[in-house]
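Chemist: Structure provided below as structure tokens; questions to follow.
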Amino acid sequence: MPTNFTVVPVKDGTGKAKKGNKEDDVDDNNVIKEEEEGATGDGLPKENSPFINNTDNDKGNSYDGTNMALFEEEMDSNPMVSSLLNKLANYTNLTQGAQEHEEADDDEGPKKKAVKSPQMGTFMGVYLPCLQNILGVILFLRLTWIVGTAGILESLAIVILCCSCTMLTAISMSAIATNGVVPAGGSYYMISRSLGPEFGGAVGLCFYLGTTFAGSMYILGTIEILLTYIVPKAAIFVAERKEDEVDALLNNMRVYGTCCLALMSVVVFVGVKYVNKLALVFLACVILSILAIYAGVIKTIFEPPDFPVCMLGNRTLQNQNFDKCLKTDVIGNLTVTTKLWSLFCDGPELNATCNEYFDNNNVTEVQGIPGLTSGIISENMWSVYGPLGMLVEDKKLSSLGGSDSSQDIYLPYVVNDITTFFTLLVGIYFPSVTGIMAGSNRSGDLRDAQKSIPIGTILAIATTSFIYVSCVILFGGCIEGVLLRDKFGDSVKGNLVIGTLSWPSPWVIVIGSFFSCCGAGLQSLTGAPRLLQAIARDGIVPFLQVFGHGKANGEPTWALLLTAGICEIGILIASLDAVAPILSMFFLMCYLFVNLACAVQTLLRTPNWRPRFKYYHWALSFLGMSLCLALMFICSWYYAIVAMAIASCIYKYIEYRGAEKEWGDGIRGLSLNAARYALIRLEEAPPHTKNWRPQVLVLLNVDSDQAVKHVRLLSLTTQLKAGKGLTIVGNVLEGTYLTKEAEAKKAEQNIKSAMSAEKTKGFCHVVVSSNLRDGMSHLIQSAGLGGMKHNTVLMAWPGTWRQSNDPQSWKNFIETVRESTAAHHALLVAKNVDSFPTNQDRLGEGTIDVWWVVHDGGMLMLLPFLLRQHKVWRKCKMRIFTVAQMDDNSIQMKKDLQVFLYHLRLDAEVEVVEMHDNDISAFTYEKTLVMEQRSQMLKQMQLSRTEREREIQSITDESRSSIRRKNPGAAASTTLSRQSSTVEDTQEDEVADVLPSFQAQLIHDRNTASHAAINDKAEATPEQVHMTWTKDKLFTERNRNRECNANVAVRDLFNMKPEWESLNQSNVRRMHTAVKMNEVVVNKSQGAHLVLLNMPGPPRNRGGDENYMEFLEVLLEGLNRVLLVRGGGREVITIYS
């Protein structure tokens, strides 16, 4: 649907329309220079585009208008539409191949020549190059032999199969090539930008190897034509026996092929421009040769050429060492033997002993080319496959077999030089349909690449397919079957078989095919190094970086040397029939991924997928991909496996070591679609217990410089997860996102670096919130996506909560525990996390001790099993302790637990620890007393002035009442007065003096006042704490000299102990449990590498939160590495399979 644009001139403040100066916005060469990749404000690399974020050419045009003042702040990053359209109109895409280097060589003088716009059209730029690359050595040297061996029907099947593969690939390639501007680089560029650097590098290198081996094949074809049909006497190795002829030919091919390769490499190195200028000559040779074939076929209708084939019985003879197809000849009334006689007999005499088959059968001559109207086509319909050494026979002729056929291979018969079968012929033929990328490789030279590439490539494939199909039919309809199966033309005095059909002379084909093969070899040696250079310069394969360098004009010198070296491997193989399947594999793999790229992009429907070529469909691409894969295994299954292994190794290497590249490839889009589909499927139902694994949200802290605290938390995560499941590393920054954006980016980058160093595979999520409490809550609620959400929270124990002046440090911790429980997430709290082992540590013999006090769904059982899968904990043994009360049967508990572990398939030692109901010790009361006094003092610190006064009065009254109950005869105490501001100020000063000393006492008690708590079923309301200070002592404390030691004041204050009966009995019970549990755990597990312990829940009443922290400190005192575990409210381990 056409879109109409209207350009409206906008007047400036003076009322005049501004006129853009087109020449001022463009440089002298009319070339848009792309910016180097930089960094934008969002931390992402800039899009390497010549249009967006490129304002270099506009900097000279200062903005002075008023009509667009609303957008003036955006002019630096977003250009005006007029400027954008001006750049688009003058955009030029230079070829990145030989043309640049040629111009660099010819460039003389201080000024470079102005770059001309590409002017090549469809015919010269795409059609003819594709025609030249597709038609080649196989057509001239092997197609007649394939027709004779496979028969017309199977040969048509081979041709149609291979041509269909390339046609489907051309359709896919056309869609990719017309989806935007395609620089020079051909299939490598298209695949790498469509499927990503891993696929692009792997397939690009395979395409490079295929092009290199194609050079070997063309050179071998050149030498075969030279030594077999042009100058056979130039052979260095000459076989004395017939059985040595094959080895002699291969050795000649190796010697001459190496010399030819060296010569061609020198030509390419000296000046590639000469190769380009000779391309038209080579193309003319190909076209003239094909025209000569068609002319010869037409001539056979009226006057078939005279190429007799000598037959002995039904066997074909090599017609090279005799001139007459006769056993004896009559010369002047004398019967004499011929040269043929001497080949089969032990002497020229008529009574000499001859080969039995020679004696029993007559010698006849058949016409090698009977002509199109002879009806020979019916005899050539069917295949004649056979093993190595099988004689080429004409079944319609009579034959009397000899007694000893084992010696036949040493006689001058035409025999198969290789074992023939259908799949072998497919592999040999396929290189004759390659070369379809020639048009896309020259896209930089085309006037309209998006129009020329599809039309030219598809027309070239259609033309060559017609040529191949017609040649198969015409060869089968004109040439005798035994001559078709004679690969080297031995039966027609060493003539090229296809040459015997041509008009006006066989030499037209011989010379034409020779120069065609030379030109194709030179072009392969020209194109392959540039392809390698393009891959090296992309930087995706680090060890290839050296091949990106070259001469001053950009010629890929090092890449040419490597190409020549690989090409030499193909020449040392020496057999064209053995090299052809190798390059077939690499080309087929390349075509396979071109089809895959088109199919993936089409199915994903990415917004950028808008090809101008509309005649494509994902089904055609999948059909082409399947056909390529099938042809790979049809040609040679072991070559296919090797080629795929090479590509896989390159893929994994690039993935592991290669440079990070983001080209907007389809594989990333495919991953996103697959992830979306999987997430939707995951959300249908919660995971079964058998599939449950900890999906961890790691709550990580950073310091003021955004450096990561407690990196060992990531180490523990890696050891626990081993790369499996979901890991989200979360962090909260306090503030607003507008002011903390840079810090958030820095923190995210530092966390990702730490994750990479600790080999933690997962995601990073940094949240900026007005306070840490809300940020933690948001992370716990919203981290993850769909069914891929965390089910476990991992955090570090706030080890410095006592020293902190801000109680929010431990309040946030407790609230996080509550919210994890409310969200039904499991909770892991690591104490002394900085002492946990790194990923490089290897713990020796030791134990992981599990203290199973309450059932939490099996988390305590599962975690040691997961940890022991990692090499850090692999040598540790697992011990499980459970606690028995007085009325429990300890022996039976141990047996039951052993059976339970057996069904869980867990190996662990089991021990039941008995805890007796001892009386609560004085130490426990003292611990509780100190805890409650500290809690009361902390409360006082947070009170406002009025509340502080009211609280002090309340404490005084309660203390007086307590003393009266204890000492009825004591004198009455006076009450505190609040009559003046002087008293208020004094009280404030008194409390201010007490606070520092109290904090010092907190630090002093840190190593002894440990604490823990167990959920109390009944919700208890904390009682008012009774203090033992009287009115007199309070006044004395208030009036004391301000310079006296504050520690002494606090010590005196604490020496005034309250009655133990006035303590909160719930706190006493909890402290008693913590103390007793700590004694038992320390006694059993102090030397363990890791202790896992049920984590008591926080109190339901938030008034006792600080006591909860004290209970946990007491519970964990004296233990090194501790992991507190709190289940998520569901079973996570099962005895069932």
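At position 1054 of the sequence shown (counting the first as 1) the number is 1158 in this note's numbering, and the numbers step up by one without a gap. C-beta: ideal position from N, C-alpha, C; glycine also. No experiment lies behind these values; they were computed from the predicted model shown.
How about residue 326 and residue 622: do their beta carbons lie closer than 9 Å?
Modeler: In this structure, residue 622 lies closer than 9 Å to residue 326 by Cβ.
Chemist: Can you check which of these residues, 503, 799 and 536, is closest to residue 1250 by C-alpha distance?
Modeler: Any question about residue 1250 goes unanswered here, given that the chain covers just 105 to 1241.
Chemist: Please classify residue 993 as buried or exposed, where buried requires at least 16 neighbouring CB atoms within 10 angstroms.
Modeler: Residue 993 is exposed by the Cβ-count criterion.
Chemist: With a Cβ-Cβ cutoff of 9 Å, do residue 920 and residue 800 count as a contact?
Modeler: Against a cut-off of 9 Å, the Cβ pair of residue 800 and residue 920 comes out as no contact.
Chemist: Which value, in whole angstroms, describes the spacing of the CA atoms of residue 955 and residue 985?
Modeler: The straight-line gap from Cα to Cα measures roughly 5 Å.
Chemist: Quick check on residue 843: buried or exposed, where buried means 16 or more other Cβ atoms within 10 Å of its Cβ?
Modeler: Residue 843 is exposed by the Cβ-count criterion.
Chemist: Which residues bound the beta strand (DSSP E) around residue 1198?
Modeler: First-last of the beta strand (DSSP E) with residue 1198: 1194-1198.
Chemist: Take residue 65 and list the residues in its own chain whose beta-carbon comes closer than 8 Å to its own, dropping the five residues that flank it on each side.
Modeler: Because the chain in this structure spans residues 105 to 1241, residue 65 falls outside the shown range and cannot be described.
Chemist: Could you name the residues that DSSP lists as bridge partners for residue 934?
Modeler: DSSP output for residue 934 lists 900 and 1227 as bridge partner(s).
Chemist: Quick one: complete beta strand (DSSP E) runs, 3+ long, within the segment 549-583?
Modeler: As far as the segment 549-583 is concerned, it has no whole beta strand (DSSP E) run of at least 3 residues.
Chemist: Alpha carbon to alpha carbon, how far is residue 724 from residue 516? Give it in angstroms, no decimals.
Modeler: So the alpha carbons of these two residues sit roughly 51 Å apart.
Chemist: Report the rounded CA-to-CA distance for residue 899 versus residue 987, giving the unit in angstroms.
Modeler: Using only the alpha carbons, I get a separation of about 27 Å.
Chemist: Taking all protein chains shown into account, do 16 or more other C-beta atoms lie within 10 angstroms of the C-beta of residue 804, making it buried, or fewer, making it exposed?
Modeler: It counts as buried.
Chemist: Nearest CA to the CA of residue 647: which residue from 1212, 758 and 971?
Modeler: The candidate whose alpha carbon is nearest that of residue 647 is 758.
Chemist: Got a sec, what are the start and stop residues for the alpha helix (DSSP H) residue 234 sits in?
Modeler: Per DSSP, residue 234 belongs to the alpha helix (DSSP H) from 232-238.
Chemist: By alpha-carbon positions, which one of 576, 819 and 250 ends up nearest to residue 523?
Modeler: Ranking the options by Cα distance to residue 523, first place goes to 250.
Chemist: Sort out for me which residues DSSP pairs residue 419 with in a bridge.
Modeler: According to DSSP, which records beta bridges pairwise, residue 419 is partnered with 416 and 497.
Chemist: Specify the secondary structure class of residue 714 as computed by DSSP and reduced to three states.
Modeler: Looking at residue 714 - three-state DSSP - the assignment turns out to be coil, as it is neither helix nor strand.
Chemist: I need the straight-line Cα distance from residue 431 to residue 592, nearest angstrom please.
Modeler: Using only the alpha carbons, I get a separation of about 24 Å.
Chemist: Would you kindly work out how many angstroms separate the C-alpha atoms of residue 1228 and residue 1198, rounded to a whole number?
Modeler: Those two C-alpha atoms are separated by around 6 Å.
Chemist: Using C-beta distances below 6 Å, list every residue in its chain close to residue 468, excluding the 5 sequence neighbours before and after it, in chain order.
Modeler: Closer than 6 Å at the Cβ level, and outside the excluded window around residue 468, lie 415.
Chemist: From residue 363 to residue 668, what does the alpha carbon distance come to, in whole angstroms?
Modeler: Using only the alpha carbons, I get a separation of about 12 Å.
Chemist: Counting along the chain, where does the beta strand (DSSP E) carrying residue 988 start and finish?
Modeler: It spans 980-988 - the beta strand (DSSP E) in which residue 988 sits, taken as one unbroken run.
Chemist: Below 8 Å, is the gap between the Cβ of residue 1007 and the nearest heavy atom of the ligand NAP?
Modeler: This structure does not include the ligand NAP; it has no bound ligands of any sort.
Chemist: Compare the beta carbon distance of residue 475 and residue 404 with 9 Å and say whether it is the shorter of the two.
Modeler: A contact, by the Cβ cut-off of 9 Å.
Chemist: Among residues of its own chain, excluding the 5 on either side of residue 237, which ones have a beta-carbon nearer than 6 Å to its beta-carbon?
Modeler: Correct list, in chain order: 539 and 542.
Chemist: Going along the chain, which residues of its own chain have a beta-carbon closer than 7 Å to the beta-carbon of residue 889, five neighbours each way excluded?
Modeler: Here the set comprises 783.
Chemist: With a threshold of 8 Å, are at least 3 pairs of Cβ atoms found where one atom belongs to the segment 563-580 and the other to the segment 253-272?
Modeler: Touching, yes, given that three or more Cβ pairs across the two stretches are closer than 8 Å.
Chemist: Skipping 5 residues on each side, what residues in its chain have a beta carbon closer than 8 Å to that of residue 704?
Modeler: Cβ neighbours of residue 704 beyond the five flanking positions: 298, 299, 770, 771, 773 and 774.
Chemist: Report the CB separation of residue 977 from residue 823 in whole angstroms; it is logged as a contact under 8 Å.
Modeler: Contact flag correct, Cβ pair sits at about 7 Å.
Chemist: With H, G and I counted as helix, E and B as strand and the rest as coil, what does DSSP make of residue 693?
Modeler: In this structure, residue 693 counts as helix in the three-state DSSP scheme.
Chemist: Give the straight-line distance between the Cα atoms of residue 903 and residue 1176, rounded to the nearest whole angstrom.
Modeler: Each residue's alpha carbon lies about 22 Å from the other.
Chemist: For a quick check, are the C-beta atoms of residue 834 and residue 749 less than 9 Å apart?
Modeler: Cβ atoms of residue 834 and residue 749: not closer than 9 Å.
Chemist: Is it right to say residue 962 is buried, meaning 16 or more other beta carbons lie within 10 angstroms of its own, or is it exposed?
Modeler: Classification of residue 962: buried, given that the 10 Å Cβ count is 16 or more.
Chemist: Can at least three beta-carbon pairs, one atom from the segment 391-402 and one from the segment 601-617, be found at a separation below 8 Å?
Modeler: Contact between the segment 391-402 and the segment 601-617 is present, because at least three Cβ pairs lie under 8 Å.
Chemist: Which whole-angstrom value describes the C-beta separation of residue 635 and residue 312, a residue pair presumed to lie in contact below a C-beta threshold of 8 Å?
Modeler: The Cβ separation is near 5 Å, so the contact holds.
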